[in-house]
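>
Numbering (my numbering), first residue to last: 2 to 199.
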C-alpha cells in the first residue's frame, strides 16, 4: 500500500503501537483513565518525533480519523493522543462508546520524513511526482484552512492522480483545480500504514 523503502518501524514496533492504541482506548472509554506507556516495549524508533494519524473503523465503516502532521511529539505519545482524539473528537461522528470498541479496528499511519525535520511534507512541483499508493496529499490556500488525504484513501477509492487532486480540493472546501492557482501550495507525504486487520 505504501512505499516500503521508507518504512522505519519493524513489524514488532507496529504491533506495539497497535497494542498501545487498543489499551489506551480501552482505559479511556471505560473511565477516562490514562495508562502508563512504560508497560510497553518502547524502542528508540517509537520515541522519535513523527506525525501520525489514527483511523478507527467499525465493521469496515469509517468511525473516526484524526492525527498530527507536525513532527513535534514522540511517535508513541502521538498514537496515544490521537487514538483518543479519533474516538472522541472527530466532529464528523458521535464519540465511540465502550460497547462499540469490540467491533472497532485500529489503523495507524505513521508519517515518514519530509523536506525538513519538522514536517512529513514534500513540495509538489509537478503532479507527475505524485504516486498513487505511496503519497498522501496536503493542500493549503491561505488564509483558508487546508485539507489532507492519507495515502491509502486514493487506493481504497480507486482514484487516479487527477481524481485524488480533485478530492483533496473538496476536502479543503476549495474549488476543483485550486491546486493550480497562484498562492495555493500542494504537498505530498508518505506513511507507513498498518492495522489490526493486516
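We treat Cβ as the ideally placed atom computed from N, Cα and C, and that holds for glycine.
For residue 71, does the three-state DSSP call read helix, strand or coil?
The answer is coil: DSSP assigns residue 71 none of H, G, I, E or B.
> Can you tell which of 175, 48, 33 has the C-alpha that lies nearest to the C-alpha of residue 139?
Nearest C-alpha to residue 139: 175.
> Are there any heavy atoms of the ligand NAD lying less than 6 Å away from the beta-carbon of residue 115, as far as the coordinates show?
The model depicted lacks the ligand NAD and carries no ligand whatsoever.
> Across the segment 45-52 and the segment 84-98, are there enough close Cβ pairs to call them in contact, namely three or more that are closer than 8 Å?
Because the criterion of three Cβ pairs below 8 Å is not met, the segment 45-52 and the segment 84-98 do not touch.
> For residue 124 and residue 69, what's the separation of their Cα atoms in angstroms?
Those two C-alpha atoms are separated by around 18 Å.
> Quick check: residue 136 and residue 171, are their CB atoms within less than 7 Å of each other?
For residue 136 and residue 171, no; Cβs fall outside 7 Å.
> Let me check understanding here. Comparing Cα to Cα, which of 47, 117, 55, 72 lies closest to residue 87?
Minimum Cα distance to residue 87 is reached at 55.
> Kindly give me the distance between the Cβ atoms of residue 35 and residue 28, rounded to whole angstroms, as I take these residues to be in contact under 8 Å.
About 7 Å; that satisfies the 8 Å criterion.
> Where do the ends of the alpha helix (DSSP H) carrying residue 85 lie?
Run containing residue 85: 76-89, per the alpha helix (DSSP H) assignment.
> Mind pulling the alpha helix (DSSP H) runs of 4 or more residues that sit fully within the segment 88-169?
The qualifying runs are 152-158.
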